[in-house]
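Here the protein sequences come in this chain order: A and B. Counting with my numbering, you get residues 1 to 453 for the letters of the first sequence. Counting with my numbering, you get residues 454 to 731 for the letters of the second sequence. Taking it in order: structure first as structure tokens, then the write-up.
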Amino acid sequence: MFSTTFRRTLAAGALALAAAMVQASPLEAFCGFYVAKADAKLFNKASKVVVARHGERTAVTMASDYQGDPKEFGLVIPVPTVVTRDQIKVVDNATVDHLDAYTAPRLVEYRDPDPCRRPEVAAFDGRLTMRMQAAGPAPAARERAKALGVKIEAEYTVGEYDIVLLSATQSDGLATWLTESGYKIPEGAATVLGSYIKQGMRFFLAKVNLQEQAKSGATYLRPIQVTYETPKFMLPIRLGTVNAGGPQDMIVLMLTEKGRVETTNYRTVRIPSNVEIPTYTKTDFGKVYTAMFDAQVKKDDMRLVYLEYAWDMGWCDPCAADPVPNDKLVSLGATWIKTADATPSSPQPGGPQLRRLPPGGSNVFATRLHVRYDAKNFPEDLAFQETADRQNFQGRYILRHPFTGDATCPAGEDYRRSLSVRFDREAAALANLTGWDMADIKRRMAEGGQKAP
Amino acid sequence: MRTNPSLPRFYRPGGDPRLYQIATLSVLLAYGLAALSFDQAPAHVALLLSTAMAVEWFGRLIEGRPFDPLSPLITALSLSILLRASAPMYLAVGALLAIASKFLIRVNGKHVFNPANFAIAVLLVCSDCAWVSPGQWGATTAAAFAFASMAGLVLGRARRADTAAAFLLVWAAILLGRAVWLGDPLAIPLKQMQSGAMLLFAFFMITDPRTTPDRRVARLLYAALVACLAAWIQFVLWRPEALIYALFVASPLVPMLDRVMPVADPGRRFQWTRPVLD
Chain A
1 MFSTTFRRTL
11 AAGALALAAA
21 MVQASPLEAF
31 CGFYVAKADA
41 KLFNKASKVV
51 VARHGERTAV
61 TMASDYQGDP
71 KEFGLVIPVP
81 TVVTRDQIKV
91 VDNATVDHLD
101 AYTAPRLVEY
111 RDPDPCRRPE
121 VAAFDGRLTM
131 RMQAAGPAPA
141 ARERAKALGV
151 KIEAEYTVGE
161 YDIVLLSATQ
171 SDGLATWLTE
181 SGYKIPEGAA
191 TVLGSYIKQG
201 MRFFLAKVNL
211 QEQAKSGATY
221 LRPIQVTYET
231 PKFMLPIRLG
241 TVNAGGPQDM
251 IVLMLTEKGR
261 VETTNYRTVR
271 IPSNVEIPTY
281 TKTDFGKVYT
291 AMFDAQVKKD
301 DMRLVYLEYA
311 WDMGWCDPCA
321 ADPVPNDKLV
331 SLGATWIKTA
341 DATPSSPQPG
351 GPQLRRLPPG
361 GSNVFATRLH
371 VRYDAKNFPE
381 DLAFQETADR
391 QNFQGRYILR
401 HPFTGDATCP
411 AGEDYRRSLS
421 VRFDREAAAL
431 ANLTGWDMAD
441 IKRRMAEGGQ
451 KAP
Chain B
454 MRTNPSLPRF
464 YRPGGDPRLY
474 QIATLSVLLA
484 YGLAALSFDQ
494 APAHVALLLS
504 TAMAVEWFGR
514 LIEGRPFDPL
524 SPLITALSLS
534 ILLRASAPMY
544 LAVGALLAIA
554 SKFLIRVNGK
564 HVFNPANFAI
574 AVLLVCSDCA
584 WVSPGQWGAT
594 TAAAFAFASM
604 AGLVLGRARR
614 ADTAAAFLLV
624 WAAILLGRAV
634 WLGDPLAIPL
644 KQMQSGAMLL
654 FAFFMITDPR
664 TTPDRRVARL
674 LYAALVACLA
684 AWIQFVLWRP
694 EALIYALFVA
704 SPLVPMLDRV
714 MPVADPGRRF
724 QWTRPVLD
């Protein structure tokens, strides 16, 4: 999304998402406990951004998992207005991670009941956590700016970042200034900068202040948050696509009051959901989901934006992580929440758990959008609108473990016969979602015990 | 086609362009529901259809005219394609507003607002109730071509291709001009011109013969004005529903344009069954 151009790195918001494992913890209620483990990086070149919007007030929190030398880090983001010192802050990684985990596509697990007894569902839930860290910047502004038509509107040090706000009158001057200040601007970026200049946008630059970073003791870069008032409900992605080495992923976590957010200049669709897939995928859900996302993008010619989650933050079912407390949501920009304490969603100790708050809900609605983009298929910046749609949706995939007891009654016979049809259906569903080879899926199912008797 | 004057007009072969319009809108709606997963339940479509029909029937009853299902059908189909609501009640209100506006807001016997446009613009004021999804069609060349082909049939019959062409030309010029000024790649205006929502508007909403000026020159002016207004709303006020608002705001100008630029023979006003003017 953002042009994080610096030295060699950062093909724009090059933030990778890692899937972190969450320990299973048993639950009594209907949505069970977590089992899924996904430790690998899920999507390469993925950036993650939280946007909290209320009226025209917009708080954008940008996170990256930049792992290189902090000296090399630089971030260039077009912003619609000048922002003051108190409109910029640094947010804890954990807060963004928490929202990410909470809204991530999830694996739900059920065990078939004994067909000879009354049905009773035991459930599990797997979750996928995306982990990210923020990207960081480098040096500051110079006198030469004026001669180049660049105006340094403000300079701040916020957390471990040195931040510069620029306005400019001409793109070449700005490109020169950025280059001279140590930002490595990809070829062709000047044109895009020029477009933003004419649209009246300012530029938000961040580099890492090494002393501040040393003081804080943090080994990673924290997400930066910028808040401003603007009618433009958009995210600039164009700088990031200039000379990018291939498509990039972005996960946009929207917090609004009214309802679901969608893109207005690209089609937003729901990711395939509520599909039963073979149980062997339990330990490898991250791989399943990435393969599924890849296949979906390919099928749609990389033209669409995917909805992965849309839900009232007041409750969840099943919860993929502890509910995000109000104070964390406020720190992400959802300042319209009346009570900024940890209610109504204060987590209990003991790991992820089921929360089913009254369906009346809260006044925060979360939307998770996932887009894979490049300059060819996404030439325009993403424009959004908030809708009045409060229907809940989640990317949810279901494992059903067959009953393994004796079940000698006649119903047990019927049950066993039904299994082979079900296994075929699950294999076909997985093949269809991921494009994986059907024979291979069936072989792995058989190895995992999912084989008709 | 003066085959059998005793038949209702719309049954005469080739007689009424609205039949083509209904067929086209039905195809678009079916495609949207089946292939593009529009957020519109079939039950909601039924609700829109039945409400629109009921209000039309009542309005005609009061006026003492025979019931004609074609016009409310077009309005209900348009609303099904465009309008989304947080509760079915708002869809019913939308259909009611649309048809009622046709009976209640008239100047010189001609209704002022395109019924679907009126209902959507009014409902959007309540942002908790309704929205439109400009992105729902995506933007592909194939879809744009299909839209244009189907629209050609309808507009050819209603003789309102001039309005669509004028709007599209001015809109394209604005998008292209903006891109050139910003130094943007051509891919951006090209993509914007393939927007399904915009094409639907150009071919099926702004071209409504009953709510466009009678004289061709006035229609061309009017279409250009709507395009300029829409550009201002979209690129300055940054509202995604720019086209809807622009037409809504410009509609009251039509009676004025009709007065300033009247048709030579007032008896030759547009009628659906005689769609030949100018």
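Beta carbons: idealized from backbone N, C-alpha and C, even for Gly. Just so it is clear, the structure is predicted and the values come from calculations on it, not from any experiment.
Start and end residues, beta strand (DSSP E) containing K207(A): R202 to V208
Range covered by the alpha helix (DSSP H) that runs through I398(A): Counting along the chain, I398(A) falls outside any alpha helix (DSSP H), though it belongs to the beta strand (DSSP E) covering R396 to H401.
Check whether the stretch 527-544 of chain B touches the stretch 487-501 of chain B, taking contact to mean three or more Cβ pairs, one atom from each stretch, closer than 8 Å. yes
Is there a Cβ of chain A sitting closer than 8 Å to that of W624(B), yes or no? no
Hey, out of S418(A), M250(A), P318(A) and I251(A), whose CA is closest to D112(A)'s CA? S418(A)
In terms of residues, what are the limits of the alpha helix (DSSP H) holding T241(A)? R238 to T241
Which residue wins for smallest C-alpha separation from Q225(A), given the options Y161(A), A189(A) and Q199(A)? Y161(A)
Residue from A614(B), V679(B) and H564(B) whose Cα sits closest to the Cα of L696(B): V679(B)
Would a C-beta distance cut-off of 8 Å place G200(A) and T169(A) closer than the cut-off? no
Three Cβ pairs or more, each shorter than 8 Å: is that satisfied between the stretch 651-670 of chain B and the stretch 615-629 of chain B? yes
Three-state secondary structure assigned by DSSP to Y102(A): helix
In this structure, does DSSP put F656(B) in helix, strand or coil? helix
C-alpha distance - G360(A) paired with L486(B), whole-angstrom precision: Model confidence at G360(A) stands at a pLDDT of 46, short of 50, so the residue's coordinates are unreliable and nothing is read from them.
Could you tell me whether the Cβ of L697(B) comes closer than 8 Å to any Cβ of chain A? The sequence shown places Ile at residue 697(B), rather than the Leu named in the question. Judged by the 8 Å Cβ criterion, I697(B) is not in contact with chain A.
Any residues in the stretch 678-693 of chain B with a beta carbon nearer than 7 Å to a beta carbon of chain A? Which ones, in chain order? L690, W691 and P693
Proximity to P522(B) [Cα-Cα], best of A507(B), R631(B), D711(B) and F491(B): A507(B)
Under the DSSP definition of a beta bridge, which residues are partnered with P519(B)? P519(B) is not bridged to any residue.
For L433(A) and chain B, any beta-carbon pair shorter than 8 Å? no
Does P705(B) come out as helix, strand or coil in the three-state DSSP assignment? coil
With 9 Å as the C-beta to C-beta threshold (strictly closer), list the residues of the stretch 479-492 of chain B near chain A in chain order. L489, S490 and D492
Under 7 Å from the C-beta of E308(A): neighbouring residues of chain B: None at all; the shortest Cβ gap to chain B is about 15 Å.
Across the stretch 522-534 of chain B and the stretch 559-571 of chain B, are there enough close Cβ pairs to call them in contact, namely three or more that are closer than 8 Å? yes
For E229(A), does the count of other Cβ atoms within 10 angstroms reach 16, so buried, or fall short, so exposed? exposed
What are the boundary residues of the beta strand (DSSP E) that I163(A) is part of? Y161 to A168
Expressed to the nearest angstrom, what Euclidean distance is found between the alpha-carbon atoms of D249(A) and F378(A)? 12 Å
Span of the beta strand (DSSP E) holding Y373(A)? F365 to Y373
Quick check on N363(A) - is its C-beta less than 8 Å from some C-beta in chain B? no
Report buried or exposed for Q211(A), applying the criterion of at least 16 other Cβ atoms within 10 angstroms of its Cβ. exposed
Can the beta-carbon of E380(A) be found closer than 8 Å to that of I552(B)? no
Residue interval of the beta strand (DSSP E) (run including P78(A)): L75 to V79
Within the 8 Å Cβ cut-off, does P223(A) reach chain B? no
Counting contacts by CB-CB distance shorter than 8 Å, is E276(A) in contact with chain B? no
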